[in-house]
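This note's numbering applies: residue 7 is where the sequence shown begins, and numbers increase by one.
Here's the structure we're looking at; comments come further down.
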Amino acid sequence: MALTGVQIFKFLPKTNCKKCGFPTCLAFAMALAQGKISLEKCPDVSEEAKKTLGEASAPPIRTFALGAGDNAVKLGGETVLFRHDKKFFNPCALAINIKDSLGDDELVENATWVATSELNRVGQKLRVDAISVEYASNNSAQYEKAVKLVAEKAPDAAIILNCKDAVAAEAAVKAIAARKPLIYAATNENADAMANIAKTHGVPLCASAQGLEALSALTEKLQGLGVNDIVLDSGAKTAKEIIEHNTQIRRSALKKGFKPLGFPVLNCVIREDSILEATIASVAIAKYASIVILSSIEKWKNLVLFTLRQNIYTDPQVPMQVEQKIYNIGEPTAESPLMITTNFSLTYFIVSGEIENSKVPSRLAVMDSEGLSVLTAWAAGKFTAAKIAQFIKDSGIEGQIKHKELIIPGQVAILSGALEDKLEGWKITVGPREANAIPTFLKGRVA
Ligand code: SF4
Numbered sequence: 007m008a009l010t011g012v013q014i015f016k017f018l019p020k021t022n023c024k025k026c027g028f029p030t031c032l033a034f035a036m037a038l039a040q041g042k043i044s045l046e047k048c049p050d051v052s053e054e055a056k057k058t059l060g061e062a063s064a065p066p067i068r069t070f071a072l073g074a075g076d077n078a079v080k081l082g083g084e085t086v087l088f089r090h091d092k093k094f095f096n097p098c099a100l101a102i103n104i105k106d107s108l109g110d111d112e113l114v115e116n117a118t119w120v121a122t123s124e125l126n127r128v129g130q131k132l133r134v135d136a137i138s139v140e141y142a143s144n145n146s147a148q149y150e151k152a153v154k155l156v157a158e159k160a161p162d163a164a165i166i167l168n169c170k171d172a173v174a175a176e177a178a179v180k181a182i183a184a185r186k187p188l189i190y191a192a193t194n195e196n197a198d199a200m201a202n203i204a205k206t207h208g209v210p211l212c213a214s215a216q217g218l219e220a221l222s223a224l225t226e227k228l229q230g231l232g233v234n235d236i237v238l239d240s241g242a243k244t245a246k247e248i249i250e251h252n253t254q255i256r257r258s259a260l261k262k263g264f265k266p267l268g269f270p271v272l273n274c275v276i277r278e279d280s281i282l283e284a285t286i287a288s289v290a291i292a293k294y295a296s297i298v299i300l301s302s303i304e305k306w307k308n309l310v311l312f313t314l315r316q317n318i319y320t321d322p323q324v325p326m327q328v329e330q331k332i333y334n335i336g337e338p339t340a341e342s343p344l345m346i347t348t349n350f351s352l353t354y355f356i357v358s359g360e361i362e363n364s365k366v367p368s369r370l371a372v373m374d375s376e377g378l379s380v381l382t383a384w385a386a387g388k389f390t391a392a393k394i395a396q397f398i399k400d401s402g403i404e405g406q407i408k409h410k411e412l413i414i415p416g417q418v419a420i421l422s423g424a425l426e427d428k429l430e431g432w433k434i435t436v437g438p439r440e441a442n443a444i445p446t447f448l449k450g451r452v453a
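Spelled out as structure tokens, the structure:
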């Protein structure tokens, strides 16, 4: 079981030297107990204490990277069962499975889809993170060639070697060792050979077994063989099994400190029916998967899964927000329209996107509403006539434009009278209720 901060404190040097970046050893101990920092940050901790604390202070779910370089995906490291308790930290990696038996053109085409899958949603770059290359040819040389080709055509993607043949897996690992591929998978039959490859080349290894009991036994064996970066595949296939297994794994790791299951989880959700596959993938993303392998990626599927993943891995206590300021959209002149909205990210990106669509250069005043959307901010007293007037006055925009007209969201039309009172000399125009009407509204003003 995890130690408390006070229990950890007893093992520290108690000199309050601050070398760890904390003002006192007790503060360091508290942070260590919460999994916010690692023991190595204290350079003076004794070997005996390291031994005692090492295991107890290790995070309940091991953290390591899938892939290498700037686009490596951090796996594991979660500390809560429910997002509202704190937050989930490391978004699950989405991977597409490609068979090595495909022709070169198809391999390149699939790899290129992954390489170009990135899209921008509310200011965050979202992408398919990994390619799983399946050993379907039963030909080690062909597998190595396919892995190399895919790795070359998708240079930023993590590579998963979906192969249970140790000879083929080792050749592929050697070919792209710098990419730190994940070997998928070690089983009861090949555990010794796969553990040896993972250890020799310093790459993570997925343990695959049917059911949690067999899986725990396998991870204990792999750890005994010196492999630490392990991913779990419990053999869960249906949505029901994924929910049950993933929940039991997370619960065992966090609540019982059960180390054999304290690792990130992989779910392979491949189905012929694309909609069913996306549905099961959604279940896996929502319920603790760290890697989800799909059979294909299509724009609609990416958008659905990216959005779900993004929503689950944002901090529920900190709304996504953008900086309060006046944004230029296009190249506005002194006569260009001035609109206002709140600083909830989604609101900002939708409204600014629709202004861009209008092709009418404009200014968008984005007011700090603590990340709330327009109606919620108004209801919470954070987007009131007095506050808007103050913001406009403080912004200095009056000196930059030749008109005094402010366009407010249609949803808060009720504020127009009070705003005209507070902003002397200004004309308040009520804009559309919905953002998708903005292009017509702005173009109509120009005509
Ligand atoms: Fe205490 Fe170690 Fe931090 Fe110094 S570096 S304050 S001894 S925990």
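A virtual CB, placed ideally from N, CA and C, is assigned to each residue, including glycine.
All figures in this text were calculated on a predicted structure; none of them were measured in a lab.
In this structure, the C-beta of F15 stays at least 6 Å away from each heavy atom of the ligand SF4. Counting only residues of its own chain and dropping the five nearest sequence neighbours on each side, A136 has a CB closer than 6 Å to the CB of A99, A101, A163, A164 and I166.
For L113, the enclosing alpha helix (DSSP H) starts and ends at D110 to A121. Close CB contacts of A371 within its chain, under the 6 Å cut and outside five residues either way in sequence, are with I332 and I346 (chain order).
K56 has its CB no nearer than 6 Å to any heavy atom of the ligand SF4. Counting only residues of its own chain and dropping the five nearest sequence neighbours on each side, P266 has a CB closer than 6 Å to the CB of S222, T225 and E226.
In this structure, N196 has its CB at a distance of at least 6 Å from all heavy atoms of the ligand SF4. For F34, the enclosing alpha helix (DSSP H) has its first and last residue at C31 to A39.
Linking T21 to C31 through their CA atoms gives a straight-line distance of about 7 Å. Contact annotation, L272 with L238: C-beta distance approximately 7 Å; criterion of less than 8 Å satisfied. For I318, the enclosing alpha helix (DSSP H) covers residues K305 to I318. Exclusion of K105 from the 6 Å shell around the ligand SF4 follows from its C-beta lying no nearer than that to any non-hydrogen atom of the ligand. Along the segment 350-392, the beta strand (DSSP E) occurs as fully enclosed runs of 3 or more residues at 368-373, listed in sequence order. The beta carbon of P270 sits closer than 6 Å to the beta carbons of L81, G82, V237 and S296 from its chain, once the five residues preceding and following it are set aside; these are given in chain order.
Membership of K131 in any alpha helix (DSSP H) is not indicated; the residue belongs instead to the beta strand (DSSP E) covering Q130 to L132.
Relative to the non-hydrogen atoms of the ligand SF4, the Cβ of T21 comes within a distance shorter than 6 Å of at least one. By the criterion of a C-beta distance shorter than 7 Å, F28 is surrounded in its chain by F34 and A37, once the five residues flanking it on both sides are discounted.
At a cut-off of 6 Å, the beta-carbon of K24 counts as near the ligand SF4: some heavy atom of the ligand is closer than that. Nearest in C-alpha terms to A284, of all of P338, V173 and I303, is I303.
Pairing R256 with E404, the inter-Cα distance amounts to about 55 Å. Counting along the chain, the unbroken beta strand (DSSP E) around E411 starts and ends at E411 to I414.
DSSP places M200 within a helical segment (H, G or I) once states are collapsed to three. Taking all protein chains in view, the Cβ of I335 is crowded by 16 or more other Cβ atoms within 10 Å, so the residue is classified as buried. With distances taken between CA atoms, L412 lies nearest to V436 out of V436, S401 and D427.
In chain order, I248, E250, H251, N252 and N273 place their CB closer than 8 Å to the CB of A242, counting only its own chain and leaving out the 5 sequence neighbours on each side. Note: T348 is bridge-paired with M373 in the DSSP secondary-structure output.
Taking L378 as the centre and dropping the five residues before and after it, the same chain places the C-beta of P325, T348, F350, A386 and K388 closer than 7 Å to its C-beta, in chain order. E140 and N168 do touch by the CB rule: their CB atoms are close to 4 Å apart, below 8 Å. Around the beta carbon of P338, a 10 Å sphere encloses 16 or more other beta carbons of the protein chains shown; the residue is thus reported as buried. Going by beta carbons, R439 and Q417 fall inside the 7 Å limit.
The three-state reading of DSSP puts K433 in strand, counting E and B together.
Excluding sequence positions up to five before and after L448, its CB lies within less than 8 Å of the CB of P343, I361, S364, V366 and S368, all in the same chain and listed in chain order.
Distances taken from the Cβ of L18 to the heavy atoms of the ligand SF4 include one shorter than 6 Å. Distances from the alpha-carbon of N103 to those of N116, K307 and L211 put N116 closest. Between K428 and A395, the C-beta gap is smaller than 7 Å, which places the two residues in contact. Taken in chain order, the unbroken stretches of alpha helix (DSSP H) that lie wholly in the segment 170-247 and span 4 residues or more are 172-181, 197-207 and 218-230.
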